[in-house]
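Working notes, structure below.
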Amino acid sequence: MNPVSGAAAVSDTSPEARKVQIRIWRRLGPSGRVALAAKMSENVRSIAMDGVRRRHPEYSEEEVRHAVFRMMLGDDLYRQAWPDRPLLRP
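Quick note: to get the working numbering, add 5 to the position in the sequence shown (first position is 1).
In structure tokens:
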């Protein structure tokens, strides 16, 4: 179990490396962990957008963003937010 999050430990991380990782997370403190989570979320969105661009080079940047929004929100919530936009394939 991860003492920080309560989640199971990652199986590809050695116990020693895991202990170092946990010490670093604890030293970050709450605001540092929030900043790290925000940066990781930003990185995931960037990777998702790159994937959409590769799969759909014909999409404009706005269409790429909306394809990612659809992926993140699901069709029902996306439709509520943008009822008149087409459902672009991510």
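Yeah, the Cβ is synthetic: ideal placement off N, Cα and C, and Gly gets one too.
query                                                                                                             : result
Inter-residue spacing [alpha-carbon to alpha-carbon] between methionine 6 and glutamate 68                        : Reliability of the predicted coordinates at methionine 6 is poor, the pLDDT of 49 falling under 50, and the value obtained from them is presented with this limitation in mind. Going from the Cα of methionine 6 to the Cα of glutamate 68 covers about 41 Å.
Nearest residue (CA-CA) to valine 73, options Leu33, Arg28, Ser51 and Asp17                                       : Ser51
Coil, strand or helix - tyrosine 64 by DSSP                                                                       : coil
Outcome for leucine 93 when other beta-carbon atoms lying within 10 angstroms are tallied against a minimum of 16 : buried
Rounded separation between leucine 78 and aspartate 89 - CA only                                                  : 16 Å
7 Å Cβ shell around proline 20 - same chain, five flanking residues per side excluded                             : none
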